[in-house]
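In the numbering used here, the protein residues as written are 27 to 182. Each residue gets a CB set at the ideal place from its N, CA and C atoms; glycine is no exception. Have a look at the structure below, then the notes.
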DNA sequence: GCCAACGTTGGC
DNA sequence: GCCAACGTTGGC
């Protein structure tokens, strides 16, 4: 299957670029998704080698801050089975896990963040899921959108 | 911190 | 199956 592209949102207060940078092998388990639409994408669509735009949500301003890649495809989110975890889900069973995670590896920090306002006003990005519909923490990005966003993130 | 948008839950 | 109540996300 051709390499595909995704945008993953993370709250920098919980897990931001500095955390990813410090992670072993600059790789992290991207867990804690508790939305079914996002879950379906993690479970069924994200493949090893796919490109990831790492996005800081709930920031001022929200922005794409780095490029990463998927290094492990969808697998059951371990947090759902840990009673002490804030992501614990008593309804989820090991035989039929409800929530999924992927592993991503940081590839390159952008020279400068590409902010949401900037994305909104850039020609060619009008159809991004980020712009059309908010509140989805895993979303597909077209190859064209991928190129435009990364170009905006380069130092000029 | 507020609150709009959106998804899920659950009473009927 | 409808829809009001409720919870979560995430921009501001």
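message: Threshold first: 3 residues or longer. Then list the beta strand (DSSP E) segments lying entirely within the region 52 to 120, N to C.
response: 53 to 56, 77 to 82, 89 to 102
task: Whole angstroms is fine: what's the gap from residue 139's alpha carbon to residue 33's?
output: 14 Å
- prompt: Mapping DSSP to helix, strand and coil, what is residue 139?
  reply: strand
- prompt: What are the start and end residues of the alpha helix (DSSP H) that includes residue 158?
  reply: 155 to 158
According to DSSP, residues forming a beta bridge with residue 134: 93
- request: Enumerate in chain order the residues of its own chain whose CB-to-CB distance from residue 87 is below 7 Å, with the five nearest sequence positions on each side excluded.
  value: 141, 142, 143
task: Go to residue 162, then tell me how far its beta strand (DSSP E) extends in each direction, as first and last residue.
output: Note, residue 162: premise wrong, no beta strand (DSSP E); not H, not E.
- prompt: Can you find at least 3 beta carbon pairs, one from the region 62 to 81 and one from the region 89 to 97, that sit closer than 8 Å?
  reply: yes
Test item: CB-CB of residue 129 and residue 55 under 8 Å: yes
- prompt: Three-state secondary structure (DSSP) at residue 43?
  reply: helix
Straight-line gap, residue 79 to residue 145 (C-alpha atoms, nearest Å): 13 Å
query: So residue 33 is in the beta strand (DSSP E); what residue range does that whole segment cover?
result: 31 to 36
For residue 172 and residue 155, the rounded distance between their alpha carbons: 12 Å
- prompt: Rounded to whole angstroms, how far is the Cβ of residue 52 from the Cβ of residue 131, which I believe are closer than 8 Å?
  reply: 6 Å
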